[in-house]
Amino acid sequence: MASNKTNTGNYFEDFKIGQILNHATPRTITEGDVSLYTALYGGRFALQSADSFAIDCGLQAAPVDDLLVFHIVFGKTVPDVSLNAVANLGYADVRFVAPVYPGDTVQTSSEVIGLKQNSNGKTGVVYVRSTGVNQMGEVVLDYVRWVMVRKNNLDAPAPETVIPELPAVVDPVNFVMPPDLQIQQFDTTLSGSPHMYEDYEIGEKIDHIDGMTIEESEHMLATRLYQNTAKVHFNQYMMKDDRMGRRLIYGGHIISLARGLSFNGLGNSLFVAAINGGSHTAPTFAGNTVFAWSEVLDKSDIPGREDIGALRIRTLATKDTPCTDFPDKSEDGSRNPNVVLDLDYWLILPKATVAL
Amino acid sequence: MASNKTNTGNYFEDFKIGQILNHATPRTITEGDVSLYTALYGGRFALQSADSFAIDCGLQAAPVDDLLVFHIVFGKTVPDVSLNAVANLGYADVRFVAPVYPGDTVQTSSEVIGLKQNSNGKTGVVYVRSTGVNQMGEVVLDYVRWVMVRKNNLDAPAPETVIPELPAVVDPVNFVMPPDLQIQQFDTTLSGSPHMYEDYEIGEKIDHIDGMTIEESEHMLATRLYQNTAKVHFNQYMMKDDRMGRRLIYGGHIISLARGLSFNGLGNSLFVAAINGGSHTAPTFAGNTVFAWSEVLDKSDIPGREDIGALRIRTLATKDTPCTDFPDKSEDGSRNPNVVLDLDYWLILPKATVAL
Amino acid sequence: MASNKTNTGNYFEDFKIGQILNHATPRTITEGDVSLYTALYGGRFALQSADSFAIDCGLQAAPVDDLLVFHIVFGKTVPDVSLNAVANLGYADVRFVAPVYPGDTVQTSSEVIGLKQNSNGKTGVVYVRSTGVNQMGEVVLDYVRWVMVRKNNLDAPAPETVIPELPAVVDPVNFVMPPDLQIQQFDTTLSGSPHMYEDYEIGEKIDHIDGMTIEESEHMLATRLYQNTAKVHFNQYMMKDDRMGRRLIYGGHIISLARGLSFNGLGNSLFVAAINGGSHTAPTFAGNTVFAWSEVLDKSDIPGREDIGALRIRTLATKDTPCTDFPDKSEDGSRNPNVVLDLDYWLILPKATVAL
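Residue numbers (this note's numbering), protein chains in the order written: chain R, 1 to 356; chain V, 1001 to 1356; chain W, 2001 to 2356.
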């Protein structure tokens, strides 16, 4: 007697505008997760590394890296949103709203905010706004992503097309900074970089120099740590018959590697305030060495804060390609096949005029 | 001047009925161990993932996964019991008696309860009952295992044969449930499964669908985390001359992988109450992809508890073989060479009649 | 517009005698780091494994393994001292001065205490004394290392040669033992070894028997955990063109593996009190199996302590070479190419006359 108690995920016809998906598996984020994150990416940002440094910045303790929070909040949506996805198409309006500290518990819910059946009648695009909250019910992270999902019942009628309006860029007026953050005692010797907000110029390009080679066990340890269940990352038996014959690496793993590498050049970035958008432009596999470079797209004051500013950064990660020459799209707009990530986001940096 | 201060382990003739072995290396289990366990197996059981969920279930915090406790308690017995083992033959009467929380310290002792020299005169079977206790001296885990151990002195006389009587199945009357456990607020949205105790039927078979590929570094990280020193898992220089030429994967690693995969179909299992028996029916190696399926063998009320029940589950894990067709022994009883684990155990699930 | 905000490290001509380098990235060491360290090396020393055992020894909790502290304190010096190093030449006068507990935050500073330009005019040797302090400003670790560093400007004048006087052996009179350490309740059953200070003889050689095979992801997880940024460990794209074509394994990883293996024979070593010197005599690569053996070079009382003594130990680690025959230099002094580590250090052991 075969059971049907296993989760087979939602198909395109299962999603309705306004539908709320309360995702499973709340998760207490601990110092253990933080150590693993350090071991996986080698991050050296002082605020996230040392309680003493964080306390000098007015915080209660070293906050959990923003991207670790992102990956855990994101992972919970996979069984309900993207188990039958053909492709992760993008995300937008990602806002980090409150710091998470070790001991906090996060859970995630999503609202379906857009639907568009594809003309082939076999798939459709689902837009969800996902919200991560902590154990006090406070929002810590809020973002939109959209995925192409298969239909199971091809005869199911197409829903009315709704495409949400999404900001191309998160407006810094919408940033929520930790109210207790203060940077009067910010120590650039301990932070490892003398470069403050004022030192960056729009158009500036930074080669982060270093390269990091990926191993199978590392990306799997990471992706399981995030309780992300997407099969393509774990099941070589299945993937051997895939076009590439290899396990795919979770895109978030590449984002975190690029963020780790970006310390060399962006060492004083305190927080990721927002992600405006991002594309995983090519797959990565174990054995690839990841490099990264960044461009300063914009700079902004933050309403109500004299002491910190925001840099809008575009970071590109490559595989097996050093970034001395800032590899990018060709002049005709065609992609460089070695560029694997193109991420547009806002970083918070201390201002030199206020810090020590 | 060569030293003889290294531990060479006990041989068959060193064991005596009634002998107590107090094993070395007490171990404080921490949030760091829990995070590593999540990164190794990707478990999504809500009770073990979130303090908030566990508190809603009446517990003080998220308890440590039962199998992590098992592996750590078990690991301590290796230097004294099985360093000269030819084979791990089985275990029985495994009872998880009290939850372990991060910060608790466990240590293990064993009593020799059975001995039988083999007719070849070169080996014998040793039965031990091992007991894990916490820092308050409370038993947390109690189990019997038996191993075939080499003799060092072939002239040592055979001991009187003693074979302990062992239960084929742990009787639920002997389960010890956490007295503070309450499931009135059990939230099946957060737990990720709507299926409660009443929903399972004897004879039901569940394909857990997903597959997980094993890497060398993962099983070694796991086995070292458990401070299990069995050489076959770590020493490729030695194993290259073994029949298979490869490092063997610790059987407990497969049990934990199967338990992780079983979330998809058994998501509301709160605890492993007992293991009735189990066999590692074939070796696994790095590169294998592990799948699993389960059968409901029996159901039982638990004396004194209206709110929870026990499912007796048989879980089989395979290598490189999806479990859609529930691979098992042949009709003539011969083993399927791709089945690597056959485990018989009791899981505790909430009853729908009591939960929200 | 290319940025020059990345750290390119110091060159030989950048160092001045008496110069103080305050290194970046203070680090809170947590239970998560301790768990990872256990998973990486499988250490079984009871004092570092169990709070209960440590409390019975008078300490507040299980202290962080000395070598984990060493690697983290050391890692911070890499961006300022050895990013342009040709070779790590040695260390001396390494003293572990105060225990570190989970929750403590360490940071590192270094003083330039020696300089000698090489006759080729292209490189020079830099000696630094590095000091790790905790969040109370207490020194936890103090050591000298010297590295050969490239010149960037070959026309820069050679500095006056200063070669510091360094002790060949740290004098036990300079050991700082934890004042609260007491070993009257030291339990050799729980510690896993009956062999106390008095049981070791000068000249005694111990084969630690076991072997541990290294995987790429393990040494990279370790080295990132230590926030050590030396490129040769991480970047296969770069290293494929190196003479060996492989990523090099951080020497400290080998030290920790050897220390882990040395439990079998030196199980009652409570602390590493000091490292007198050490050489990484050959490179190691993923796939190598590490073995180790030790020789007792000397024994010493410790001023003011009746209950503990110090063993001066020389531990050699090999690759793919069991240590049954204690592989060492040839009689003519030439190195054995399979010996990868030669470490001279002091271990603290309880005295049998005081312990239970």
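Glycine included, C-beta positions come from ideal geometry on N, C-alpha and C.
Just so we're clear, the structure is a prediction, and the values are computed from it rather than from any experiment.
Endpoints, the beta strand (DSSP E) within which R/Val133 is located: As a position in the first sequence, residue 133 of chain R is number 133, starting the count at 1. Unbroken beta strand (DSSP E) run through R/Val133: 123-133.
Contact belief for W/Met2177 with W/Arg2305 at Cβ below 8 Å, rounded distance in angstroms: Indexing the third sequence from 1 puts residue 2177 of chain W at position 177. Indexing the third sequence from 1 puts residue 2305 of chain W at position 305. About 6 Å; that satisfies the 8 Å criterion.
Interface residues of chain R facing W/Gly2032 [CB-CB closer than 8 Å]: As a position in the third sequence, residue 2032 of chain W is number 32, starting the count at 1. Going along chain R in sequence order, the residues near W/Gly2032 (Cβ under 8 Å) are Thr30, Glu31, Gly32, Asp33, Val34, Ser35, Leu36.
Proximity to W/Thr2006 [Cα-Cα], best of R/His195, R/His253, R/His280: Working through the third sequence from its first residue, we reach residue 2006 of chain W at position 6. Comparing Cα positions, the closest option is R/His195.
DSSP three-state assignment for R/Asn235, whether helix, strand or coil: Position 235 of the first sequence holds residue 235 of chain R. In the structure shown, R/Asn235 sits in coil (DSSP, three-state: anything other than H, G, I, E or B).
Distance, R/Ala54 Cα to R/Ala46 Cα: Locating residue 46 of chain R in the first sequence gives position 46, where the first residue counts as 1. Locating residue 54 of chain R in the first sequence gives position 54, where the first residue counts as 1. Cα to Cα, R/Ala46 sits roughly 8 Å from R/Ala54.
C-beta neighbour in chain W for V/Gln1236, strict 8 Å: Start at 1 with the first residue of the second sequence, and residue 1236 of chain V comes out as number 236. Residue contact with chain W for V/Gln1236: present (Cβ-Cβ distance below 8 Å to some residue of chain W).
CB contact flag (W/Val2034, V/Thr1077, <8 Å): Translated into positions along the third sequence, residue 2034 of chain W becomes position 34. Translated into positions along the second sequence, residue 1077 of chain V becomes position 77. Cβ distance not < 8 Å, so W/Val2034 and V/Thr1077 don't count as in contact.
Cα-Cα separation between W/Val2086 and W/Ser2109, rounded to whole angstroms: Your numbering for residue 2086 of chain W matches position 86 in the third sequence. Your numbering for residue 2109 of chain W matches position 109 in the third sequence. Near 22 Å, if we compare the C-alpha coordinates of W/Ser2109 and W/Val2086.
Beta carbon proximity, W/Gln2227 to chain R, threshold 8 Å: Residue numbering aside, residue 2227 of chain W sits at position 227 when the third sequence is read from its first letter. Nearest CB-CB separation between W/Gln2227 and chain R: below the 8 Å threshold.
W/Ala2024 versus W/Gly2009, W/Ala2273, W/Ala2317, W/Val2149, residue with shortest Cα-Cα distance: As a working mapping, residue 2024 of chain W is identified with position 24 in the third sequence. Nearest option by C-alpha distance: W/Gly2009.
Contact between the segment 276-283 of chain R and the segment 84-103 of chain R (3+ Cβ pairs under 8 Å): By the Cβ criterion, the segment 276-283 of chain R is in contact with the segment 84-103 of chain R, since at least three pairs of Cβ atoms, one from each stretch, lie closer than 8 Å.
W/Phe2291, DSSP secondary structure in three states: Mapped onto the third sequence, residue 2291 of chain W falls at position 291. W/Phe2291: strand per DSSP, three-state reduction.
Contacts around V/Asn1134, its chain only, beta-carbon distance under 8 Å, and the 5 residues preceding and following it disregarded: The count along the second sequence starts at 1 and reaches residue 1134 of chain V at position 134. Excluding residues within five positions, the ones whose Cβ falls inside 8 Å are Ala1098, Val1100, Asp1104, Thr1105, Val1106, Val1140.
Within-8 Å CB hit, R/Met244 to chain V: Here the question's residue 244 of chain R lines up with position 244 in the first sequence. False, the Cβ-Cβ gap to chain V never drops below 8 Å.
Proximity to W/Trp2293 [Cα-Cα], best of W/Asp2207, W/Thr2223, W/Asn2004: Here residue 2293 of chain W corresponds to residue number 293 of the third sequence, with the count starting at 1. Checking every option, the nearest Cα to that of W/Trp2293 belongs to W/Asp2207.
Local Cβ density within 10 Å of W/Thr2241, reported as buried at 16 or more and exposed below that: The sequence position of residue 2241 of chain W within the third sequence is 241, counting from 1. The sequence shown places Asp at residue 2241 of chain W, not Thr. Under this definition W/Asp2241 is an exposed residue.
Neighbour-count burial assignment, W/Lys2319, 16 or more Cβ in a 10 Å radius: The residue labelled residue 2319 of chain W in the question sits at position 319 within the third sequence. W/Lys2319 should be labelled buried.
8 Å Cβ cutoff, V/Ala1168 in contact with chain R: Taking the second sequence and counting its residues from 1, the one referred to as residue 1168 of chain V is at position 168. Put simply, the CB of V/Ala1168 is far from chain R, with every gap to its CB atoms at 8 Å or more.
Beta-carbon spacing of W/Arg2360, W/Asn2228 below 8 Å: It is not possible to answer for residue 2360 of chain W, since the shown part of chain W is limited to 2001 through 2356.
is_contact[W/Ile2209, chain V] using C-beta, thresh 8 Å: Within the third sequence, residue 2209 of chain W is the residue found at index 209, counting from 1. At least one chain V Cβ lies under 8 Å of W/Ile2209.
Rounded distance between the beta-carbons of V/Val1149 and V/Val1128, thought under 8 Å: One-based indexing of the second sequence puts residue 1128 of chain V at position 128. One-based indexing of the second sequence puts residue 1149 of chain V at position 149. That pair is no contact at about 11 Å.
Backbone secondary structure at R/Ile206 - three-state DSSP: Taking the first sequence and counting its residues from 1, one reaches residue 206 of chain R at position 206. The answer is strand: DSSP assigns R/Ile206 an E or B state.
Residue-chain proximity (V/Glu1218, chain R), Cβ-Cβ < 8 Å: As a first step, residue 1218 of chain V is located in the second sequence; it is residue number 218 there, counting from the start. Closer than 8 Å: yes.
Three-state secondary structure assigned by DSSP to V/Val1073: In the second sequence, residue 1073 of chain V corresponds to position 73, counting from 1. Correct three-state label for V/Val1073: helix.
Those runs of the beta strand (DSSP E) which lie wholly inside the segment 1079-1128 of chain V and span at least 3 residues: 1085-1096, 1105-1117
Three-state secondary structure assigned by DSSP to W/Pro2350: Position 350 of the third sequence holds residue 2350 of chain W. Strand at W/Pro2350.
Own chain partners of W/Phe2326 with C-beta closer than 6 Å, once the 5 adjacent residues on each side are dropped: By 1-based counting over the third sequence, the position of residue 2326 of chain W is 326. Once the five neighbours on either side are set aside, the close Cβ partners of W/Phe2326 are Lys2205, Trp2293.
Closer than 8 Å to chain V by CB, R/Thr123: Your numbering for residue 123 of chain R matches position 123 in the first sequence. Closer than 8 Å: no.
is_contact[R/Met177, chain V] using C-beta, thresh 8 Å: Numbered from its first residue, the first sequence carries residue 177 of chain R at position 177. Closer than 8 Å: no.
Residues from the segment 2042-2065 of chain W in contact with chain R, defined by Cβ distance under 7 Å: none
Segment limits, beta strand (DSSP E) that includes V/Asn1022: Numbered from 1 along the second sequence, position 22 holds the residue referred to as residue 1022 of chain V. Counting along the chain, V/Asn1022 sits inside the beta strand (DSSP E) bounded by residues 1020-1022.
Cross-strand partners of V/Ile1275 (DSSP beta bridge): Residue 1275 of chain V sits at position 275 when you count from the first residue of the second sequence. Its beta-bridge partners are V/Val1094, V/Tyr1345.
Partner residues on chain W for V/Met1001, Cβ-Cβ distance less than 8 Å: For this step, residue 1001 of chain V is matched to residue 1 along the second sequence. Listed along the chain, the chain W residues whose CB falls inside 8 Å of the CB of V/Met1001 are Glu2201, Gly2203, Glu2204, Lys2205.
Whole-angstrom distance between R/Arg44 and R/Ile163, CA atom to CA atom: Counting from one through the first sequence, the residue named residue 163 of chain R turns up at place 163. Counting from one through the first sequence, the residue named residue 44 of chain R turns up at place 44. C-alpha separation (whole angstroms): 40 Å.
Neighbour list for R/Asn288 in chain V, Cβ cutoff strictly below 8 Å: Position 288 of the first sequence, counting from 1, holds the residue named residue 288 of chain R. None at all; the shortest Cβ gap to chain V is about 16 Å.
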